[in-house]
Structure formats: structure tokens, C-alpha cells
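Colleague: Each residue of the sequence shown is one higher than the one before, counting from -7 in my numbering. Beta carbons: idealized from backbone N, C-alpha and C, even for Gly. One structure, as C-alpha cells, below. Some questions next.
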Amino acid sequence: MAKLQGVIFDMDGLLFDTELLYYQATQEVADEMGIPYSKELYLAYVGVSDEEVWAAYHERFDPDFGHDTVACFIQAAFDRTVTLFQQGAAELKPGVHTLLRFLDEQQIPRILASSNQRAVIDTLLAAADLTAAFPEIVCFDDVAKAKPDPEIFEKAQQILGVPKASLVILEDSANGIHAAHSAGISVIMIPDLIAPTTIIEEKVLAILPALTDVPAFLSEAYTI
């Protein structure tokens, strides 16, 4: 049984209930501008970096609406989402504080590894009074490729300075699971908007209903 020496956290959909806010804000702007957006399109890019999502939107909508209109759509949706975050609309997922207390009590280091931009991460953490809870952060700004590329998790592991076998990643998205698997680090899935597929089930250490369930699982699966 490996000794647990570090935990790597995803953010959107894992720590914060942001995914639905992203979708709702984007759908509202799309409806206002007459752009045929959909929840299916949103879900196709959960866990992917903003730049990749925006490139996909341009590819899909530019032929009918033009580059400038699509750029305005993207910026308006982003601005509306950030305003919601600043207002504290992104609720914490169940069990966040319980898990953080457990890790503190066991003196297990943690790091945040998110495909989001640092400015957005800082906004969310500040609104939830969690800035001090994550002194170490790796984000889209720090890597050449976002999830599902493993670079972000490999960088997080290097910062923590512990063996991969002594780490566990907490993720909610398929892209995050693929990135963790490619990095060779065990991953626990706490599903959010997307249910795990058979392929995902084969790549995870466990699938748990909520972060509330993580402390007990870690205590059984690892030497603490």
C-alpha cells in the first residue's frame, strides 16, 4: 500500500459548481445574438482549455456569422461568466471543506491543476475565501498544452516533488481523466455533468459520488 504524499485537484466541476454557469451564460449570449449554441456543444468541450474551446467556436460559427461576430460572442460570454464568479454565484461542491480539513490534519500537501486561466482561478478562490487553501497552482498559463495532454499534471507533480505512486488526482471530466492516465498518476473521478464511460471506468482508481467520500476512500487505499 503506497503512502499518500500529495493530492492534485482539478477546479471547475470539482471544487466549484461552475460548469452549469459557464453553459448558462454562454447560452444566454448565444440566444441574444441568434447563434445556434447548445448544451451538447458545451459538453463536448468540458475540461478543455478556453483557447481550444474558442477555436472550436470560430471553426463552427465563422462560416455563417463571421469572425468578428463570433469573437464578440466569445468575449461577451466570458465577461458574463466572470461577472457571475465575482458575485459569488459559483457554489462550492459538497465536501470541499471536509476534504481540505482532512488533508490539513494529515499534513498531506495539495496543489490545484486547472486548464482555466489564472485570473479566473484567482477570482473563484477569492470569492470562496479559499485563496490560502491552495498556495500552489498550475494553470493554462503555465503549460504549452492543456488537458487531455498530461503536461499540467506532470508539472504539478514536479512542484510537489513526490513520486507519482504517492500522488492521487481528483477530477470530474473525461479530459482530466485521460490526462491523469497519460501522466501515470492514479485518479479518482467525482462526476459532474458527464457520466463516466466504460473507457473512463477502466482508467480510474475509483468513482465516488462526492468529495465528502474522498477522505474515507483515501484512508483505506493509502497509508496516511
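1. For residue 8, which residues does DSSP report across the bridge?
2. Which same chain residues, not among the five before or five after residue 65, have their C-beta less than 8 Å away from its C-beta?
3. Determine the direct distance from the alpha carbon of residue 85 to that of residue 202, and round the result to whole angstroms.
4. If I follow the unbroken beta strand (DSSP E) through residue 180, where does it start and stop?
5. Do the region 93 to 105 and the region -2 to 11 touch if we need at least three Cβ pairs shorter than 8 Å?
6. Residue 80 and residue 119 look like a contact to me (Cβ under 8 Å); what is the Cβ gap, rounded to whole Å?
7. Assuming the contact rule is C-beta atoms closer than 8 Å, residue 167 and residue 88 should be a hit. Round their C-beta distance to whole Å, please.
8. What do you reckon, are the CB atoms on residue 109 and residue 164 nearer than 8 Å?
9. For a test of the three-state rule: what should DSSP assign to residue 198, helix, strand or coil?
10. Whose C-beta lies closer than 7 Å to the C-beta of residue 15 among residues of the same chain, with five residues either side of it excluded?
11. By how many angstroms is the C-alpha of residue 194 removed from the C-alpha of residue 99?
12. List the whole-angstrom C-beta distance separating residue 186 from residue 200, where the pair is believed to meet the contact cut-off of C-beta under 8 Å.
13. Should residue 111 be labelled buried (16 or more other beta-carbon atoms within 10 Å of its own) or exposed?
14. With a 10 Å radius around its C-beta and 16 neighbouring C-beta atoms as the bar for buried, classify residue 173 as buried or exposed.
Modeller: In terms of the structure at hand:
1. 4, 84
2. 21, 22, 25, 27, 49, 53, 57
3. 8 Å
4. 178 to 181
5. yes
6. 5 Å
7. Incorrect: roughly 21 Å between the Cβ atoms, too far for contact.
8. no
9. strand
10. 31, 34
11. 30 Å
12. The Cβ separation is near 15 Å, so there is no contact.
13. exposed
14. buried
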